[in-house]
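Before any comments, here is the structure.
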Amino acid sequence: MSWLMLAAAIVSLLITQTVVMREYTLLNESLAAANRELSAFLAGRGFQSDGEDLQALRGAVEDQHNTNAQLERELEQVRGMLEDETE
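In structure tokens:
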């Protein structure tokens, strides 16, 4: 393999790594935004201990859990892509 081909492969890997890291950052920002939304929702509700508030809280927590789980799966995919590209 010539030096030029090796240099091109390295540049390609660096570009791919940059793209993957940008996606990783976007996923982290999405997770942070979801957490802020949940915090604002909970603060705005001033939860009491009656059934309706507790049911709303359970629903909000479940939605947040599902969002977090999806973001974690996507993050793992991005990590896998990054590992594959750097090997």
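When you line the sequence shown up against mature numbering (1 follows the signal peptide of the UniProt record, and there is no 0), it's residues -21 to -1, 1 to 66, in that order.
Ideal placement from N, C-alpha and C gives every residue a C-beta, glycine not left out.
Among the residues of its own chain, which have a CB less than 8 Å from the CB of residue i, if the five just before and after it don't count?
i, result
"residue 39", "17, 20, 21"
"residue 65", "-9, -5"
Which term fits residue i, buried or exposed, when burial requires 16 or more other beta carbons within 10 angstroms of its beta carbon?
i, result
"residue -11", "exposed"
If you drop the 5 nearest sequence neighbours on each side, which residues of the same chain put their C-beta closer than 7 Å to that of residue i?
i, result
"residue 15", "none"
Give me the Cα-Cα distance between residue i and residue j, rounded to the nearest whole angstrom.
i, j, result
"residue 28", "residue 46", "Low confidence applies to residue 28: its pLDDT is 49, below 50, so where it sits in the model is not reliable, and the reading given next is rough at best. The alpha-carbon atoms of residue 28 and residue 46 are separated by roughly 25 Å."
"residue -9", "residue 61", "9 Å"
May I ask which residues mark the beginning and end of the alpha helix (DSSP H) holding residue i?
i, result
"residue 9", "-19 to 24"
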